[in-house]
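Residue numbers (our numbering): 13 to 759. Think of the CB as a built atom: it goes at the ideal place given N, C-alpha and C, for glycine as much as any other residue. Note that this is a predicted model, so its numbers are computed, not measured.
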Amino acid sequence: MGLRLPPRPRPARPARGRLGARAVPRDRGPRRRPRAPPRRGGRGARAVSLPLSPLGAARFPAGAPAFPGWEPALCAALADSDLPADALVLAWEVSRLPEGATEGERDALALLALALLLSVRDGSTRLSLRADREGPAALPLLLDRLRVGEEGREAALALAERLVAGEVSALAPATGTPDAFAPLVVDGDRLYAQRWHACETRLAASVQRRASAGAPPPFDAASVEAAVGDVLARPASPGGRELRLAGEQREAVAASLLSRLALVTGGPGSGKTSIVLAIVRALARLGVPAEAIALAAPTGKAANRVEESIAAGLASIARPSEEDARLALAPPSARTLHRLLGASREGARFRHGESNLLAPRFVVVDEASMVDLFLMDRLLRALDPGASLVLLGDAGQLPAVDAGAAFRDLCAAAGREGSTVRLARLVESHRMDARDREGRSVLLAARAVEAGDAGALLEGSPGLGPLFGGEAPLLSVVPAGSFPSFSGAELLPAADADGVASFLDRWFDERHARLPDLARLVRKEYRPARDGFPPHDEADLSALLSHLASFRLLAVTRGPARPTGAAAVNARLHARALALAGVSGEEVPAFCPGEPVLVLANDPARGLFNGDQGVVLRVAPAGGAQRFHAVFPRGDGFAAFPLEGLREDLDLAWATTVHKSQGSEFAHVALLLPGEPIPLLTRELVYTALTRARRSAVVVGRPDVLRSALATPVRRDTGLEERLAPVTSQGRPSGNGPENDAFVPLR
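And the structure:
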């Protein structure tokens, strides 16, 4: 969680604190004679009794209350905020570090640490210590969410004032200034965990070095112009559709080749993958071999998609140059960022860093908006000073799940006057074709969501202008008693669980069960030989997997508590799938033939990666008995794996969370809103959901809940953008400083 503890000083004997309760359990069970510490002054060294953890050490596993002596409301608030139990332990341990602190100061410090952990859990990198500051990481707001009593609240606010006033050393070694190594870092009027402060400052320094005005460009402008011109003269035609780069795409390619650091941001379908292909082809013309080009993405699925699109594009060039022909034979491979950096299995250690730099001269990262602050810092630290980095993503999408919004902050800083970071913004969408009625409907609705324009979305307005056009609402409201047409952008005002259930049944019938010959495809036995499936099986597998990949239900939450949660939706449609597959018996299988499944963890041995999608079917390998297998696309064919070896890392994929859907696209999408506004439901989440669709997007839920989401942009309190602010003539960073709010909505 970002807090790192220095060597533990000798703790003080526990006493009653200002929160009105002991910080350690009173009844500790049988006492053991404390072990004497190492002697420091010869004879007479005294044994010190160490206070136990609030978990109660042996008491907790034995079934005793989890946190004796701590206010039950605080423990419940932690659970409601999805903070793990060890957050309380960590805050308590930090509060024990200052030797001379009173018990009241320790209690207040523990509350500040908990508020910081909650802020980081929400995606911010820091906590605002000023009581009068508003925003997602404001201390009063977080104390309210922790349900802290009035006495504890006043103590925490008073301690925050002291820290802002400069009394940082009074609580050392728990707190320290930016140049000290302490678990809690006080930087101006913000409180950081040491890890996130270090990540922000290192990343800002790396970006500034790479984008400094004196850094020489990787290639001269004339060579880049010639290389890009030759690429444009030999367009690729994947899928039979010729790729002609628009003006903004050509500018993005040129910017990427003329800078040590370039950012490309654009919505789905704006041509980012086409830009990657053009960059790779241009680099080959500039003398960069394929092995010196690294393609990467945050997830295995995204990396595979980049690699496949590059290979397909190279194979579709009608008049390839010599460089294109060599690339087609050995294109650059794409990897996850963790594999590129040589991460250990648990992701805690990396083979590549400052002392072992990456070899590639040119690194291209797709889906960069999904990269968290920690991983972005690791990437910049591992780059050779002479290497170039291109980050492509959508700054309007949901940021990474973990703390920070690195790509958004980088784009915001690059967009400021005086910035030396190259930024290309892509506006035109090629996925949601504006010339197509259905695609245009989804495109306009997504843009209205991005702008937070609930009026245009739900009511229409005569003054919307050419962007949104017309007086009709951009979401077509489905009349009561009717069902969506699954064409364009629609709103189905489902007000309760029955309405959601009715829609799910209709979705199953309209989107899934209408595939011709579906029952045969689901119930048949597939018989692969040692060299793969026979042609007739491959044709059936291709039809079924393409069908399942054309639609997806998107949920805001994951669990089964709400009828709109992904787990609850999957359970309902699982029952429908059992009947369709002809599965019966007393034991209901967790997966049945014909069901879409999603891989939850990377499995390099099988060639499966987090986010890969497949289907469960009856498979009888050559010489083997029939069993349920998960079948996945693999290059030009398919690979099947027995469910027994994958069960723990598979999940049903009738519905997935919006977060899980990032990087995917479907012809038809439905977003299931919860019955009431919740913190997870934000403008960016709705935008991300709608932009997964090419032809139709249905929002299922109450209009007032949707309005609330559009009025709730993701707000994270981060310091990266202000650390990257250009220096003014007065020698101070322009933009956000201590006197300004340093968080901004994503749009």
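Looking at the DSSP output, Asn368 shares a beta bridge with Gly365. Closest in C-alpha terms to Gly312, from the list Leu692, Ala701, Pro247, Ser676, comes Ser676.
With contacts defined by Cβ atoms closer than 7 Å, Ala667 and Ala567 form a contacting pair. Under a 10 Å Cβ-count criterion, Glu429 is classified as exposed, with fewer than 16 other Cβ atoms of the shown protein chains found around its own Cβ.
When the alpha-carbon of Leu275 is set against those of Thr703, Ala304, Val433, the nearest one is in Val433. The Cβ atoms of Leu370 and Ala394 lie closer than 7 Å to each other. In this structure, Leu130 places its C-beta atom within 7 Å of the C-beta atom of Leu154. Gln625 is bridged by DSSP to Leu610. With fewer than 16 other Cβ atoms from the protein chains shown falling within 10 Å of its own Cβ, His548 counts as exposed. A direct Cα-Cα distance of roughly 31 Å separates Arg437 from His364. With fewer than 16 other beta carbons inside 10 angstroms of its own, Ser558 counts as exposed. In the three-state scheme derived from DSSP, where H, G and I count as helix and E and B as strand, Ala245 is classed as helix.
Listed as beta-bridge partners of Asp615 by DSSP are Leu620. Counting only runs of at least 3 residues, the region 408-442 fully encloses the following beta strand (DSSP E) elements, listed from N- to C-terminal order: 434-438.
With 16 or more other Cβ atoms inside 10 Å of its own Cβ, Thr694 counts as buried.
Between Asp384 and Leu732, the C-beta gap is not smaller than 7 Å, which leaves the two residues out of contact.
Straight-line measurement puts the Cα of Val611 at about 9 Å from the Cα of Glu660. If only uninterrupted alpha helix (DSSP H) runs of at least 4 residues are considered, those enclosed by the region 644-675 are 670-673. Between Val712 and Ala682, the C-beta gap is smaller than 7 Å, which places the two residues in contact.
Between Asn316 and Ala346, the beta carbon gap of about 7 Å places them in contact (Cβ cut-off 8 Å). Per DSSP, the continuous alpha helix (DSSP H) segment holding Glu733 begins and ends at 732-735.
In the same chain as Ala99, and ignoring 5 residues on each side of it, the C-beta atoms closer than 7 Å to its own belong to Met13, Leu90, Leu126, Leu129, in chain order. In this structure Gly472 is in contact with Pro485, their Cβ atoms being roughly 4 Å apart against a cut-off of 8 Å. Measuring C-alpha to C-alpha distances from Leu658 to each of Pro691, Pro633, Gly619, Leu684 identifies Gly619 as the nearest.
Contiguous beta strand (DSSP E) elements confined to the region 278-353 occur at 305-309, 346-348, taking only those with 3 or more residues. Across the set Phe495, Glu537, Pro540, the C-alpha of Phe495 shows the shortest separation from the C-alpha of Phe520.
When the beta-carbon positions are compared, Leu487 and Leu503 come within less than 7 Å of each other.
Residue pairing from DSSP places Val711 in a beta bridge opposite Leu503, Leu683.
Ranking Phe650, Gly281, Leu270 by CA distance to the CA of Leu257 puts Gly281 first. For Phe520, there is no enclosing beta strand (DSSP E), as DSSP marks it with neither H nor E. In the displayed model, Phe498 falls within coil according to three-state DSSP, outside both helix and strand.
Distance between Cys604 and Arg639, taken at the CA atoms: about 11 Å. With fewer than 16 other CB atoms across the displayed protein chains lying within 10 angstroms of its CB, Val413 is exposed. Here Arg253 is exposed: its Cβ has fewer than 16 other Cβ atoms, across all protein chains shown, within 10 Å.
Put simply, the backbone Cα of Ala591 is about 22 Å away from that of Pro572. Beyond the five residues adjoining it in sequence on each side, Ala424 comes within less than 6 Å, by CB distance, of Glu733 in the same chain, given in chain order.
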